[in-house]
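Notes to accompany the following structure.
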Amino acid sequence: MTEAPALSEPTLTFAIERRTDPLPDEQREAVLANPGFGKTFTDHMVLATWTPGDGWHDARVTAYGPLTLEPSAAVLHYAQEIFEGMKAYRHADGSVWTFRPEQNAARFVRSARRLALPALPTEAFVESLRVLVDVDQAWVPGTEHGEASLYLRPFMFASEAFLGVRPAAKVTYSVIASPAGPYFSGGLKPVSIWVSSEYVRAAPGGTGAAKCGGNYAASLAAQVEASEHQCDQVVFLDGLEHKWVEELGGMNLFFVRRDGSIVTPELTGTILEGITRDSIVELAKELGHDVTERRISIDEWREGVASGDIAEVFACGTAAVVTPVGRLAWDGGEVVMNGGEVGAVTERIRSTLLDIQYGRTEDTHGWMHRLV
Ligand SMILES: *Cc1c(COP(=O)(O)O)cnc(C)c1O
1 MTEAPALSEP TLTFAIERRT DPLPDEQREA VLANPGFGKT FTDHMVLATW TPGDGWHDAR
61 VTAYGPLTLE PSAAVLHYAQ EIFEGMKAYR HADGSVWTFR PEQNAARFVR SARRLALPAL
121 PTEAFVESLR VLVDVDQAWV PGTEHGEASL YLRPFMFASE AFLGVRPAAK VTYSVIASPA
181 GPYFSGGLKP VSIWVSSEYV RAAPGGTGAA KCGGNYAASL AAQVEASEHQ CDQVVFLDGL
241 EHKWVEELGG MNLFFVRRDG SIVTPELTGT ILEGITRDSI VELAKELGHD VTERRISIDE
301 WREGVASGDI AEVFACGTAA VVTPVGRLAW DGGEVVMNGG EVGAVTERIR STLLDIQYGR
361 TEDTHGWMHR LV
């Protein structure tokens, strides 16, 4: 993956404004016992402001709560916004860690550049996670909750009040955190996928490789179409030929062939560079798989499953880790992968990654970063 850029600004210092009315212990524990995903937020959040004159300033951890925005705030009209998604994992000894944060920081800088937002230096990004998780450490689920975590959502948006099409001269950075249960509480369950023939997610020169809210806004109509066809998720094809498999709305894809080799769509500028994807390419090679990054057409997927050449398909991303794909449906047909069951290779890659993230195995790659 791309190296983090050289730092141009000193690290920000985050003031700590602890709230005097955090959620009582019993209520927090009740949330942690059954958190779901993205529904409840911790007691605090990070805020920082950028202006051209002062750069990043006024950085702090403060009480979680509503933001005050003018109705003319540029983000509400022109969607100048980016985000990241990561997790804090509690290890058996009580320590709290995150996974490859410098990669998220570097991607945040690349997304910022594409959306004409200011870069947040890597050290400031990682420090913002550390201070928030430190203040809200009681919200990181313990190992008694299984493979639960504290989901971290850094984001940045144009908060300047103006209606004009130019990069905003006032930008807000924030981090919020939300406890997340094991993604598949009833056991790993394969998802079904709809091939969108009407909508595309990204086009050459567009924002497909940037993690921006606008990409998600544009994917919702396709998601509705998928639901109408009893599918859980959408797979997007390339915008030029409508032929090459790119990714799901928020997850990258892997194909496991009968001979054990693995293929994942190559990064062409229209696919989001998933950190889970990058990690799995490396782990799968170490597990002895031949891994190729190349273009794969939707016909190769359909025919490969029909002929038995493609044995397993899985999707991956921070939130759901590794998710088996059980069924692929399109206007006119469907194929079922691996009998709709979780495949052995998918399962092995998933547990290899989770063992690293939860500290159950040695982190030989130096991927884990201690927060608390
Ligand atoms: C975030 C995201 C992913 C997964 O990236 P990870 O770094 O693995 O979490 C994949 N596709 C899209 C469109 C995304 O926004």
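Residue numbering for the sequence shown follows this note's numbering, starting at 1 and increasing by one per position. Backbone N, C-alpha and C define an ideal beta-carbon position, used for all residues, glycine too.
CB of residue 155 within 8 Å of CB of residue 81, strictly: yes
Any 3 or more C-beta pairs closer than 8 Å across the region 138 to 149 and the region 47 to 61: Pairwise C-beta distances place the region 138 to 149 out of contact with the region 47 to 61, as fewer than three of them are shorter than 8 Å.
Counterpart residues of residue 177 in DSSP-defined beta bridges: 152
Alpha helix (DSSP H) runs contained entirely in the region 309 to 371, provided each spans 4 or more residues: 344 to 357
CA-to-CA distance, residue 67 to residue 335, given in whole angstroms: 46 Å
Residue environment, residue 357, which counts as buried when at least 16 other CB atoms sit within 10 Å: Answer is buried; the Cβ neighbour count reaches 16.
Contact test: residue 272 Cβ vs ligand 1 heavy atom, cutoff 7 Å: yes
Residue 228 versus residue 198 - alpha carbon distance: Note on geometry: alpha-carbon atoms of residue 228 and residue 198 lie some 14 Å from one another.
Cα-Cα separation, residue 221 to residue 93: A straight-line Cα-Cα distance of about 45 Å links residue 221 and residue 93.
Presumed contact (8 Å Cβ cut-off) between residue 256 and residue 322, rounded CB distance: The Cβ separation is near 11 Å, so there is no contact.
heavy atom of ligand 1 below 7 Å from residue 368 C-beta: no
Contact between the region 309 to 319 and the region 266 to 284 (3+ Cβ pairs under 8 Å): Touching, yes, given that three or more Cβ pairs across the two stretches are closer than 8 Å.
Contacts around residue 182, its chain only, beta-carbon distance under 7 Å, and the 5 residues preceding and following it disregarded: 146, 147 and 148
Exposure label - residue 290; buried when at least 16 CB within 10 Å: The residue is exposed, with fewer than 16 neighbouring Cβ atoms inside 10 Å.
Coarse secondary structure for residue 246, derived from DSSP in three states: strand
For residue 103 and residue 12, the rounded distance between their alpha carbons: 19 Å
Cβ neighbour criterion (16 or more within 10 Å) applied to residue 342: buried
Near ligand 2: residue 213 beta-carbon under 7 Å from a heavy atom: Absent from the structure shown: ligand 2. Ligands present: ligand 1.
DSSP-derived helix/strand/coil call for residue 389: Since the first residue of the chain shown is 1 and the last is 372, residue 389 is not available in this structure.
Segment contact, 8 Å Cβ cut-off, at least three pairs: the region 125 to 136 with the region 159 to 168: no
8 Å Cβ cutoff met for residue 120 and residue 173: yes
Terminal residues of the alpha helix (DSSP H) in which residue 78 lies: 75 to 78
Limits of the unbroken alpha helix (DSSP H) element including residue 413: No statement about residue 413 is possible, as the shown extent of the chain runs from 1 to 372 and does not include it.
For residue 58, the nearest candidate out of 24, 16, 65 and 30 (CA to CA): 16
Neighbour-count burial assignment, residue 259, 16 or more Cβ in a 10 Å radius: Label assigned to residue 259: exposed.
DSSP-derived helix/strand/coil call for residue 184: coil
Expected contact under 8 Å - CB spacing of residue 270 and residue 202 to nearest Å: 4 Å
Closer than 7 Å: residue 251 CB and nearest ligand 1 heavy atom: yes
Cβ-heavy atom distance, residue 275 to ligand 1, below 7 Å: yes
Where the beta strand (DSSP E) through residue 201 begins and ends: Segment: none, residue 201 is in no beta strand (DSSP E) and carries neither H nor E.
Contact test: residue 318 Cβ vs ligand 1 heavy atom, cutoff 7 Å: yes
Runs of alpha helix (DSSP H) lying entirely within the region 267 to 307, each at least 4 residues, in chain order: 275 to 286 and 298 to 307
Integer-rounded CB distance, given that residue 140 should sit under 8 Å from residue 88: Yes, residue 88 and residue 140 are in contact; Cβ-Cβ is about 5 Å, under 8 Å.
Heavy atom of ligand 1 within 7 Å of residue 85 beta-carbon: yes
Assumed close pair residue 265, residue 296 - CB separation to whole angstroms, cut-off 8 Å: 6 Å
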